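Engineer: First the structure, which I've put down as structure tokens, then a few questions once you've had a look.
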Amino acid sequence: MSPSFGRGAMTNSWSDLQNAEVFLIAGSNCAENHPIAMKWINRAKEKGAKMIVVDPRFTRTASKADLFAQIRPGTDIAYLGAIINYIIENQLYDRNYVLNYTNALLKVAKDYKFEDGVFSGYDAKSRKYAVTSWGYQLGSDNKPLKADSLEDPDSVFSKLKTHYSRYTFETAEKITGIPAVKIKQIADTFCEGKPGTILYALGMTQHTTGTQGIRAYAVIQLLLGNIGKAGGGINALRGEPNVQGSTDMANLFNNLPGYLPHPINTDQSIRDYQVRNGSVQEKPLVALLKAWFGEHARKDNDFAFSYLPKINPSVNASMVKLFEMMDKGQFKLAFNFGSNSLVSIPNRQLVRSALTKLDMLVVSDLFEVETAQFWREPGVKPADINTEVIMFPAAFVYEKDGTLTNSSRWIQWKNAALKPLGEAKPDLEILDSLFKRIRKLYDGSTDAKDAPILNARWDYGEEASALKVLQELNGYDETNGKLTQSLADYLKASVGTVSTGCWIYAGVTGNGNLAARRKNSDSTGLGLYKDWSFAWPGNIRILYNRASCDEKGQPVDDKRKLIWWDAANNVWSGNDGPDVVDKTKGPDTPEGKQSFRMNPEGAGRLFAANYMSGLPVVPSADGLPAIGVRPAGLCVDGPMPEFYEPTESPTDNLLHPKVSKSPVALILSSSPEIQKMGKANDFPHVLTTYGVVEHFCAGGITRNIPWLNELMPEPFAELSKNLAQKIGIKEGDMVEVSSARGKVTVRALVTDRLQTYKVNGKETETIGMPWSWGFASLSPGPSTNELTIAALDPGAGTPEYKVCLVNVRRA
Amino acid sequence: MTRKMILVDTSKCTGCKACTVACKEWNELPAEKTQLVTSYQTQKDFSPKTWTYVTFIEKYKDQTMNFLMRKAQCFHCGDPACLKACSSKAIRQTESGFVVIDHKKCIGCGYCTENCPFGVPKVDQTLQKSFKCTGCIDRVENNLKPACVQTCQTGALMFGDYSDLLGQAKNRLSEVQKTHPQAQLYGEKEMGGTTYVYLLMDRPEVYGLPVNPTIPLSLTLWKDVVRPVGGIAVGGAAAAVVIGVFANIVKGSYRSKDD
Numbered sequence: 125m126s127p128s129f130g131r132g133a134m135t136n137s138w139s140d141l142q143n144a145e146v147f148l149i150a151g152s153n154c155a156e157n158h159p160i161a162m163k164w165i166n167r168a169k170e171k172g173a174k175m176i177v178v179d180p181r182f183t184r185t186a187s188k189a190d191l192f193a194q195i196r197p198g199t200d201i202a203y204l205g206a207i208i209n210y211i212i213e214n215q216l217y218d219r220n221y222v223l224n225y226t227n228a229l230l231k232v233a234k235d236y237k238f239e240d241g242v243f244s245g246y247d248a249k250s251r252k253y254a255v256t257s258w259g260y261q262l263g264s265d266n267k268p269l270k271a272d273s274l275e276d277p278d279s280v281f282s283k284l285k286t287h288y289s290r291y292t293f294e295t296a297e298k299i300t301g302i303p304a305v306k307i308k309q310i311a312d313t314f315c316e317g318k319p320g321t322i323l324y325a326l327g328m329t330q331h332t333t334g335t336q337g338i339r340a341y342a343v344i345q346l347l348l349g350n351i352g353k354a355g356g357g358i359n360a361l362r363g364e365p366n367v368q369g370s371t372d373m374a375n376l377f378n379n380l381p382g383y384l385p386h387p388i389n390t391d392q393s394i395r396d397y398q399v400r401n402g403s404v405q406e407k408p409l410v411a412l413l414k415a416w417f418g419e420h421a422r423k424d425n426d427f428a429f430s431y432l433p434k435i436n437p438s439v440n441a442s443m444v445k446l447f448e449m450m451d452k453g454q455f456k457l458a459f460n461f462g463s464n465s466l467v468s469i470p471n472r473q474l475v476r477s478a479l480t481k482l483d484m485l486v487v488s489d490l491f492e493v494e495t496a497q498f499w500r501e502p503g504v505k506p507a508d509i510n511t512e513v514i515m516f517p518a519a520f521v522y523e524k525d526g527t528l529t530n531s532s533r534w535i536q537w538k539n540a541a542l543k544p545l546g547e548a549k550p551d552l553e554i555l556d557s558l559f560k561r562i563r564k565l566y567d568g569s570t571d572a573k574d575a576p577i578l579n580a581r582w583d584y585g586e587e588a589s590a591l592k593v594l595q596e597l598n599g600y601d602e603t604n605g606k607l608t609q610s611l612a613d614y615l616k617a618s619v620g621t622v623s624t625g626c627w628i629y630a631g632v633t634g635n636g637n638l639a640a641r642r643k644n645s646d647s648t649g650l651g652l653y654k655d656w657s658f659a660w661p662g663n664i665r666i667l668y669n670r671a672s673c674d675e676k677g678q679p680v681d682d683k684r685k686l687i688w689w690d691a692a693n694n695v696w697s698g699n700d701g702p703d704v705v706d707k708t709k710g711p712d713t714p715e716g717k718q719s720f721r722m723n724p725e726g727a728g729r730l731f732a733a734n735y736m737s738g739l740p741v742v743p744s745a746d747g748l749p750a751i752g753v754r755p756a757g758l759c760v761d762g763p764m765p766e767f768y769e770p771t772e773s774p775t776d777n778l779l780h781p782k783v784s785k786s787p788v789a790l791i792l793s794s795s796p797e798i799q800k801m802g803k804a805n806d807f808p809h810v811l812t813t814y815g816v817v818e819h820f821c822a823g824g825i826t827r828n829i830p831w832l833n834e835l836m837p838e839p840f841a842e843l844s845k846n847l848a849q850k851i852g853i854k855e856g857d858m859v860e861v862s863s864a865r866g867k868v869t870v871r872a873l874v875t876d877r878l879q880t881y882k883v884n885g886k887e888t889e890t891i892g893m894p895w896s897w898g899f900a901s902l903s904p905g906p907s908t909n910e911l912t913i914a915a916l917d918p919g920a921g922t923p924e925y926k927v928c929l930v931n932v933r934r935a
Numbered sequence: 145m146t147r148k149m150i151l152v153d154t155s156k157c158t159g160c161k162a163c164t165v166a167c168k169e170w171n172e173l174p175a176e177k178t179q180l181v182t183s184y185q186t187q188k189d190f191s192p193k194t195w196t197y198v199t200f201i202e203k204y205k206d207q208t209m210n211f212l213m214r215k216a217q218c219f220h221c222g223d224p225a226c227l228k229a230c231s232s233k234a235i236r237q238t239e240s241g242f243v244v245i246d247h248k249k250c251i252g253c254g255y256c257t258e259n260c261p262f263g264v265p266k267v268d269q270t271l272q273k274s275f276k277c278t279g280c281i282d283r284v285e286n287n288l289k290p291a292c293v294q295t296c297q298t299g300a301l302m303f304g305d306y307s308d309l310l311g312q313a314k315n316r317l318s319e320v321q322k323t324h325p326q327a328q329l330y331g332e333k334e335m336g337g338t339t340y341v342y343l344l345m346d347r348p349e350v351y352g353l354p355v356n357p358t359i360p361l362s363l364t365l366w367k368d369v370v371r372p373v374g375g376i377a378v379g380g381a382a383a384a385v386v387i388g389v390f391a392n393i394v395k396g397s398y399r400s401k402d403d
């Protein structure tokens, strides 16, 4: 999303789903995993909206679809590429939108190439791309050259057209198993309904090509002019465990809060940081340093930039990789808060082995989850394990104050409803007392490396207050200590005079605790609910809403007016907060034309080009490297989505058999005895894994709730009637499912909801298994991640949970 | 209190089962040991501790899957067979339309179980009492929605005044019929008009529901013909025999083959 639109967030909101005319739900089983979505989808359906579901299985979501297609797991880009091709060939795109609000006309660098499944700049040794050739042709002003027409062979649009000309419905059928006529039907249904929205979740991201799958959605939605509009957008359904909030707070290893790029080991100063990340990041970085180090962050010490840890950009420290490092003995101590890694990490043998390498493991959870009990898993000898395990009893969500940020980017405050049970404590209290005690241990140290700990501004009170934390995120005017009133005030303030712990949250507590607002009236009828909680940024409910207007700044959809240019008063105004550079800059100004202001081009990116805006034409007199304004978000695996087979696949890539799999996917290889690879000869079937509505994530909580265990008491393997007949089993029998990495025995659920399909002419089977079980809890069961593979998306580090090869037999 | 209705709009139900948890939570019913029955269904039938559950039916024809979910609970009939069958006058019908069992009077004889065309009430053999959905009458009479309705997120369960909601149900039906011509209301006419009315996506028999549920003829004969006479003329022993005969007829006719 970020390389396409500028922000890595769901574009619209739950309550906006009611405005859609058509839904493409692919890679999301929202009826089960985001049940609230169906409330709003049902409202749209009542008004006649069409619902398309593409999924490896006929799910509970599919039961409500007007059109369903069963797809081979991990092949989405093939059919989406065919839809892109169809849209371009039949000129179904929104011409005005494409010309004005995307980079379609910009000229791509002459040395950009795509040949035999590989983009230009590939280095086979490091398995990485150099991205320099993915840029634009620049003019003398360092701005991209613009073609006169879409037909210009150098234009982004022409590159797109050529790239996807290989993707026909027939080719897509051979790859995905979806009949060509059905793919055409999906394309027609989706293109006819405007606005149309796309919903996805982990079904789309948990692949070695996850990021590119979402890019394919972005290309379709930009072509159809569906971004920035009520009822349109790409709705990335984020999970209930505050997934949006935790990514906002930098749970990704290469971020700082507010999606600031993390400093790297060659950044000696904030200036160096800006050379790589643009001058636009200076202010939020300094504001963050002010929030964290207060008066110790001053101009004369480069705002304590040296206090920040610097990462090595060649090391991918995503979750699975951490366990690989742990297994190699890199860590002595691990804190495991609210995660049940021994159940949730793919190829869990890695976790089982890695945890034994620690001196100490601290687990903070409600229950003694599997991860905390790894030393007594059946088959493990406790005497052989030297890791000391400490358990912190954690308070439950209803036992603590604080905010949850939902998928709509709504920061929602809640008060504790109950006192924590027994010795349980809220996370904040645990972390606060830990930090205070750790700081005491460093008391009096003059060692430079201890300065960040001693000089941290840590003032959440004697008993840490969640509201004070939220206020720190909102930020202060550091000249007078008052809370920043709004995002606009933060933007107006000069560098170094304002602090914020997460700049996108600026304004959330400026004028009272806006996150606590609960006014659910909606005069617009569009489900904007702007007085309910606070949406980042600046309470904008629908991102990029400038694109809902025409060149004159007037709404193109009379029924769904979001914002407009009020010429009489010379201001952007509307039902929603205008997502524009400057509210006073009209649609005929360069600022007022920008529909995607977080992108350096100010436009949506069909081609994710390498580009930094605002680079000076004349080199600076002091000879220092130039600082541009804003860099583009990049995908490390290509500027346009390309179809690659999953890491373990039953077939070769039909488009380029020599480069069958993603040439840059991260496949764990440090422990070959743990990470074995399977071949289709031995493991002929495709396994896909998922959650069920009855259990939550790794089941750490829900498997200890009898009422939920009653509703889903055990894991199972779903398989087609064909396959059941072949291996001689009937519904309810036990089966053994095995991969190159492990095997589990579960109950068989024989169903018509999975059908045998043809891939490259060969009959193929998908087996589906939920993954929420482990050996502990009131309802123990085998963990499906015994089977899965630790292969990761090279950009996001997301594991390919959704595809691996297995065999199945009667147990 | 006016007559109430709950519309179960199966076209909006996603089988999330939240209603079943809400029911157990409000009514303080313990979980029971289960395993997968078929599809995603783990609760096979009603029990003294399970008053509502969701059935899953997979119908695959002409390469099209119909995955049908239906929340099952007491229908709260307009003309309840259980009430008629009850030997101890423990069952009554409230003004709002709900059919409730008074456990002080219930002796666990099981006539309600035998006579219900939907097999709803179940007798707890230890307590010797019959149990079923109460319609959350304790909530309803305090102006709250039944727990299942309160918790439903998708809009599949709606609660309101009978006449209003029935009108809405009919409008909704004509919409649904555009894509599902077999869709129909179930409970509008059945059993004297039930309090839980269903919008089904297909014919009732596809869901395993009786096509024309009626009060068993045997029960009508017994209650309306034999007993009024018997009360005067027939001795106790003879009456017992008659009950036994009718109970067997009922059992033979209305219990499913699996039992």
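Same order as they appear, the protein sequences are chains W and V.
In case it helps, this note's numbering puts the first sequence at residues 125 to 935.
In case it helps, this note's numbering puts the second sequence at residues 145 to 403.
No residue lacks a Cβ here, since even glycine has one placed at the ideal position from N, Cα and C.
From a predicted model like this one, the values you see are computed outputs, not experimental measurements.
(1) Under 7 Å Cβ to Cβ from A377 (chain V), same chain only, skipping five residues before and after it: list those, please.
(2) Would R347 (chain V) and Q321 (chain V) be called neighbours here (beta carbons separated by less than 7 Å)?
(3) Do you know offhand how far G263 (chain V)'s Cα is from R147 (chain V)'s?
(4) What does T338 (chain V) reach in chain W if we use C-beta pairs closer than 9 Å?
(5) How big is the Cα-Cα spacing for L148 (chain W) and I176 (chain W)?
(6) Pick helix, strand or coil for C230 (chain V), following the three-state DSSP scheme.
(7) Kindly list the residues whose CB is nearer than 6 Å to the CB of N579 (chain W), restricted to its own chain and excluding five residues on each side of it in sequence; keep chain order.
(8) Count the CB pairs spanning the stretch 475-483 of chain W and the stretch 912-921 of chain W that are closer than 8 Å, and state whether there are at least three.
(9) What would DSSP say about D655 (chain W), mapped onto helix, strand or coil?
(10) State the beta-bridge partners of D305 (chain V) as determined by DSSP.
(11) Could you tell me how far apart the beta carbons of S844 (chain W) and T880 (chain W) are, in whole angstroms, since I believe they sit closer than 8 Å?
(12) Got a sec: is the Cβ-Cβ distance from Y351 (chain V) to anything in chain W below 7 Å?
(13) Would you kindly work out how many angstroms separate the C-alpha atoms of A640 (chain W) and T335 (chain W), rounded to a whole number?
(14) At a Cβ cut of 7 Å, what residues of the stretch 296-309 of chain V count as close to chain W, listed as they run along the chain?
(15) Any C-beta of chain W sitting closer than 7 Å to the C-beta of G311 (chain V)?
(16) Going straight from the alpha carbon of V788 (chain W) to that of W170 (chain V), what length do you get?
(17) Short of 7 Å Cβ to Cβ, which residues in the stretch 342-371 of chain W face chain V?
(18) Does A541 (chain W) pass the burial test, meaning 16 or more other C-beta atoms within 10 Å, or should it be called exposed?
(19) Check each residue of the stretch 839-872 of chain W: if its Cβ is closer than 8 Å to any Cβ of chain V, include it; give the result in chain order.
(20) Residues of chain W with a CB under 9 Å from the CB of G159 (chain V): which are they?
(21) So L343 (chain V) packs on V152 (chain V), CB below 8 Å; how close in whole Å?
(22) Under 7 Å between C-beta atoms, does A229 (chain V) make it to chain W?
(23) For K306 (chain W), which residues from the same chain have a beta carbon less than 6 Å from its beta carbon, with the 5 sequence-adjacent residues on both sides left out?
(24) Within 6 Å: the Cβ of L811 (chain W) and any heavy atom of the ligand ATP?
(25) Just mark G885 (chain W) as buried or exposed, buried being the case when its beta carbon has 16 or more other beta carbons within 10 Å.
(26) Count the other CB atoms, across all protein chains shown, that sit within 10 Å of the CB of S569 (chain W); report buried if there are 16 or more and exposed otherwise.
(27) For A161 (chain W), which of W:E170, W:T332, W:Q142 and W:K171 has the nearest alpha-carbon?
(28) Helix, strand or coil: how does DSSP classify W138 (chain W) here?
(29) Are the CB atoms of G651 (chain W) and G631 (chain W) nearer to each other than 7 Å?
(30) Nearest CA to the CA of P743 (chain W): which residue from W:D525, W:G198, W:N266 and W:F429?
(31) Say whether chain W places a C-beta atom closer than 7 Å to the C-beta of Y204 (chain V).
(32) Nearest by alpha-carbon distance to G304 (chain V): which of V:G252, V:G279 and V:H324 is it?
Structural biologist: So, to answer that:
(1) With a pLDDT of 46 at A377 (chain V), under the threshold of 50, the modelled position of this residue cannot be trusted, and the question is left open.
(2) no
(3) 24 Å
(4) Within 9 Å Cβ-Cβ: nothing; T338 (chain V) doesn't reach chain W, min ~24 Å.
(5) 5 Å
(6) coil
(7) F417 and H420
(8) no
(9) coil
(10) V:K148
(11) 5 Å
(12) no
(13) 34 Å
(14) Q297, T298 and G299
(15) no
(16) 53 Å
(17) none
(18) exposed
(19) F840, E855, G856 and R871
(20) A155, E156, R184, S187 and V817
(21) 7 Å
(22) no
(23) A193
(24) You won't find the ligand ATP in this model; it holds no ligand whatsoever.
(25) exposed
(26) exposed
(27) W:Q142
(28) coil
(29) no
(30) W:N266
(31) yes
(32) V:G279
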